[in-house]
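First the structure, in the form of structure tokens, and then the observations on it.
Number of protein chains: 2
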Amino acid sequence: MAQNLSDNVCFTLYSATNALVRAFRPLLDAYDLTYPQYIVMHSLWYKNQVSLKALAQDTYLDSSTLTPIVKRLEAKGLLTRKISPEDERKKIISLTEKGVRLQQDAAELTATLMARSSMSLERLEQLRLLSLELRTELAKAEAS
Amino acid sequence: MAQNLSDNVCFTLYSATNALVRAFRPLLDAYDLTYPQYIVMHSLWYKNQVSLKALAQDTYLDSSTLTPIVKRLEAKGLLTRKISPEDERKKIISLTEKGVRLQQDAAELTATLMARSSMSLERLEQLRLLSLELRTELAKAEAS
DNA sequence: TGCAAATAAGTTGTGCGCAAACTATTTGCG
DNA sequence: CGCAAATAGTTTGCGCACAACTTATTTGCA
Numbered sequence: 530m531a532q533n534l535s536d537n538v539c540f541t542l543y544s545a546t547n548a549l550v551r552a553f554r555p556l557l558d559a560y561d562l563t564y565p566q567y568i569v570m571h572s573l574w575y576k577n578q579v580s581l582k583a584l585a586q587d588t589y590l591d592s593s594t595l596t597p598i599v600k601r602l603e604a605k606g607l608l609t610r611k612i613s614p615e616d617e618r619k620k621i622i623s624l625t626e627k628g629v630r631l632q633q634d635a636a637e638l639t640a641t642l643m644a645r646s647s648m649s650l651e652r653l654e655q656l657r658l659l660s661l662e663l664r665t666e667l668a669k670a671e672a673s
Numbered sequence: 530m531a532q533n534l535s536d537n538v539c540f541t542l543y544s545a546t547n548a549l550v551r552a553f554r555p556l557l558d559a560y561d562l563t564y565p566q567y568i569v570m571h572s573l574w575y576k577n578q579v580s581l582k583a584l585a586q587d588t589y590l591d592s593s594t595l596t597p598i599v600k601r602l603e604a605k606g607l608l609t610r611k612i613s614p615e616d617e618r619k620k621i622i623s624l625t626e627k628g629v630r631l632q633q634d635a636a637e638l639t640a641t642l643m644a645r646s647s648m649s650l651e652r653l654e655q656l657r658l659l660s661l662e663l664r665t666e667l668a669k670a671e672a673s
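In the order they appear, the protein sequences are chains A and B. Sequential numbering from 530 applies to the first sequence in my numbering. Sequential numbering from 530 applies to the second sequence in my numbering.
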């Protein structure tokens with residue numbers, strides 16, 4: 530017997546994430562960023578001057594996904610990509626002045642959006658922990 | 530002060546969903562389905578012979594996303610699309626024999642995957658309810 | 001009744017997300 | 001030391017996800 534879609538964890542997670550990205554869009558438009566681009570900027574605000582590989586690990590995105598995102602951010606003048614002198618296979622990604630400055634304006638967008646959702650901080654924190662647990666478990670299962 | 534990405538609900542939700550779709554891929558490959566295609570089949574197993582519009586509402590996907598997905602499922606012989614005689618703007622989507630038969634094999638894939646995650650049913654149910662709540666709240670905020 | 005507004009579905013263009021394949025370095029081991 | 005294996009990043013191809021726009025049909029109201 531098939532169940533209603535929303536009775537299914539996987540589907541609710543999937544559709545909630547789509548709704549989230551959709552809700553972010555108008556907020557991010559003001560900064561000319563997409564949500565994945567915002568994720569990359571966020572990662573760099575926390576830790577700057579990293580290799581693409583390190584950025585991939587932090588964002589859980591594939592390097593083949595990241596390369597074009599990072600190129601677009603470079604085209605917008607938010608970061609630079611320089612070959613590492615120590616290891617010429619690596620590219621070091623560094624925020625520009627403009628990229629650093631963006632943090633002041635844009636870093637609090639998540640808080641803005643979450644406030645608008647009118648969910649309590651406790652429930653959002655529960656959601657964060659459960660998502661984190663699922664991601665970790667699935668990564669474990671994948672490795673084996 | 531920028532925080533670590535995984536301290537952020539939005540990001541953990543986003544990366545957990547990517548991990549979920551990634552984990553589904555090898556399971557769904559056996560049935561020649563993508564995860565969004567599986568969602569559409571799931572919806573039809575629950576309620577067959579619906580318009581594209583109704584399918585869009587059930588899956589929370591845009592009609593412009595759904596049209597190509599449904600066309601691919603039609604090409605695989607899993608469903609048909611017929612113009613409604615009552616309202617010629619509508620297309621009625623109906624499972625074929627083959628599409629109905631697929632349910633027996635594929636309907637339990639979610640359970641299979643979730644079992645592999647080794648999260649308790651209680652925590653998965655919490656995650657479902659919180660995702661549902663967020664999706665609902667964001668949809669509300671969007672409408673206003 | 002006529003016709004503007006609403007509705008259903010499809011098209012186009014852009015940006016992911018990722019598997020698979022490729023190029024260019026570096027590593028490490030026989 | 002030499003060279004196969006590993007590693008870092010890019011390219012290609014496909015399928016979403018969705019905004020903006022288009023086409024075709026139906027609705028509703030002046």
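Glycine included, every Cβ here is placed at the ideal spot set by N, Cα and C. Quantities reported herein were computed from a predicted structural model and do not represent experimental measurements.
Query	Result
THR609 (chain B) (DSSP reduced to helix, strand or coil)	strand
7 Å Cβ cutoff, ALA604 (chain A) in contact with chain B	no
Residue span of the beta strand (DSSP E) that contains LYS620 (chain A), given as start and end	620-624
Beta-carbon neighbours of GLU662 (chain A), restricted to chain B and to distances below 9 Å	ALA545, SER646, MET648, ARG652, LEU656
Chain-ordered chain A contacts of ALA538 (chain B) [CB-CB under 8 Å]	Reading the sequence as shown, one finds Val at residue 538 (chain B) and not Ala. What VAL538 (chain B) touches in chain A: THR639, MET643, LEU653, GLU654, LEU656, ARG657, SER660.
C-alpha gap between MET648 (chain B) and ASN533 (chain A), whole angstroms	22 Å
Residues of its chain near TRP574 (chain A), where Cβ-Cβ distance is below 6 Å and the 5 sequence neighbours each way are ignored	GLN632
SER593 (chain B) and LEU584 (chain B) closer than 7 Å at C-beta	no
DSSP state of SER592 (chain B) mapped onto helix, strand, coil	helix
Contact between the stretch 536-547 of chain B and the stretch 643-663 of chain A (3+ Cβ pairs under 8 Å)	yes
7 Å Cβ cutoff met for GLN578 (chain A) and SER623 (chain A)	yes
Residues of its chain near ILE621 (chain A), where Cβ-Cβ distance is below 8 Å and the 5 sequence neighbours each way are ignored	GLN578, VAL579, SER580, ARG610, LYS611, ILE612, SER613
Range covered by the alpha helix (DSSP H) that runs through LEU562 (chain B)	Careful: LEU562 (chain B) lies outside any alpha helix (DSSP H) and carries neither H nor E.
ARG645 (chain B) vs ALA670 (chain A) beta-carbon contact at 7 Å	yes
Length of the line joining the Cα atoms of ARG554 (chain A) and ARG664 (chain A)	24 Å
Buried or exposed (CB count within 10 angstroms, at least 16 for buried), ASP587 (chain A)	buried
Beta carbon of LYS627 (chain A) nearer than 7 Å to that of LEU607 (chain A)	yes
Beta-carbon proximity check, LEU653 (chain B) vs LEU556 (chain B), cutoff 7 Å	no
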